[in-house]
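Each position in the sequence shown, counted from 1, maps to that position plus 1 in the numbering used here.
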Amino acid sequence: MPQPVITALGSAEYDEAYTGGDYATYHFPRHREWGHVLSLADAIPMLAKWKKPLINDEPIGAAAEYQAGRRDNSVERFGAAGALAEFIGMGSTFHYEGGLQASLPGEREAACLDAWQRGIDLAAGHASGELLTGDALTSRLGRVSGGRQVFGRLNSDRAVVLVIDPPDPAAKTAVEWADGWVEERRVTAPGALLVTATRRR
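This is the structure:
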């Protein structure tokens with residue numbers, strides 16, 4: 002291929018040799034309901050190992066009606082998927098049923114697209130710093146009560162927490178910050194809550 006053309010060799014879930022291009026693609030499982038969103042976290046070790054851009058290439062598509070394992074119609078799940086992928090540093094693509102016939106998105110498909118874009122915008126600019134999950138997040142940033150899953154980023158004196166599927170309203174999500182951290186603000190997108198904090202000097 003000519004040098005200016007960036008290429009991917011194929012989806013790496015079949016063979017890790019497919020990561021040999023300029024960027025890698027991966028087809029994450031289309032699990033039921035929130036499963037397909039949470040499975041995106043499996044990209045974290047891939048990004049660390051492959052050290053190149055990774056794209057979620059064949060995600061579950063949007064449709065007017067929910068079809069387990071094939072189509073989703075939840076704006077919350079699409080918003081959360083966009084936010085989580087952006088937060089962990091992975092690129093995304095959006096699919097919808099009408100696209101198979103080159104049709105413009107219908108009402109529900111368009112709503113899912115809007116939510117997905119809002120999720121990406123929510124997490125934009127927060128994909129740097131140390132990525133924390135589980136006990137590491139709790140011990141270094143604080144304990145989060147509420148939400149389906151939590152991810153954190155730590156940059157010296159600044160912390161960001163992403164809550165997937167938070168309670169409604171988002172104020173019900175309790176964050177008991179570790180000593181030294183002071184919460185700054187909360188911003189939401191469908192299916193996601195972003196909480197920022199600074200370290201007290």
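Ideal Cβ placement from N, Cα and C applies to all residues, glycine included.
Where the alpha helix (DSSP H) through Q150 begins and ends: Judged by DSSP secondary structure, Q150 falls outside any alpha helix (DSSP H) and instead within the beta strand (DSSP E) spanning Q150 to N156.
Environment of Y97 [buried if 16+ CB atoms lie within 10 Å]: When all chains shown are included, Y97 counts as buried.
Nonlocal neighbours in the same chain, by C-beta distance under 7 Å from A179, ignoring five residues either side: Answer for A179: R141, L142 and G143, listed in chain order.
Within 8 Å, strictly: CB atoms of A124 and E87: In terms of Cβ geometry, A124 and E87 form a close pair [threshold 8 Å].
Alpha carbon of T189 to alpha carbon of L195, nearest angstrom: Rounded to the nearest angstrom, the gap between the Cα atoms of T189 and L195 is 6 Å.
Proximal residues to I7 (C-beta, below 7 Å), its chain only, five neighbours per side dropped: Cβ neighbours of I7 beyond the five flanking positions: D23 and Y24.
Alpha-carbon to alpha-carbon, T94 and S12: Each residue's alpha carbon lies about 14 Å from the other.
Unbroken alpha helix (DSSP H) run spanning G36, endpoints: The continuous alpha helix (DSSP H) containing G36 extends over residues G36 to L39.
Of the listed residues A64, A69 and A116, nearest to G107 (C-alpha basis): Looking at the Cα atoms, A64 is the closest of the given residues.
Residue span of the alpha helix (DSSP H) that contains E17, given as start and end: Premise fails: E17 is in no alpha helix (DSSP H) and is neither H nor E.
Touching by the beta-carbon criterion (3+ pairs, under 8 Å), the region 127 to 138 and the region 153 to 166: The region 127 to 138 makes contact with the region 153 to 166, as at least three CB pairs between them are under 8 Å.
CB contact flag (T199, E177, <8 Å): Not a contact, by the Cβ cut-off of 8 Å.
Between the CA atoms of A44 and W117 - distance to the nearest angstrom: So the two alpha carbons sit approximately 18 Å from each other.
At least 3 beta-carbon pairs within less than 8 Å: the region 55 to 75 vs the region 167 to 177: Fewer than three pairs of CB atoms, one per stretch, sit closer than 8 Å, so the region 55 to 75 makes no contact with the region 167 to 177.
Alpha-carbon spacing of K52 relative to A9, whole angstroms: Answer to the nearest angstrom: the Cα atoms are 14 Å apart.
Cross-strand partners of V6 (DSSP beta bridge): The partner list for V6 (beta bridge, DSSP) is empty, contrary to what the question assumes.
C-alpha distance - S40 paired with R78, whole-angstrom precision: Spanning the two alpha carbons is a distance of roughly 12 Å.
N-terminal and C-terminal residue of the beta strand (DSSP E) that I165 is part of: Annotation: the continuous beta strand (DSSP E) that includes I165 extends over R159 to I165.
One or two residues paired with N57 in a DSSP bridge: Residue pairing by DSSP puts N57 in a beta bridge opposite Y27 and S93.
Enclosing beta strand (DSSP E) for L101 [first to last residue]: No beta strand (DSSP E) holds L101; DSSP gives it neither H nor E.
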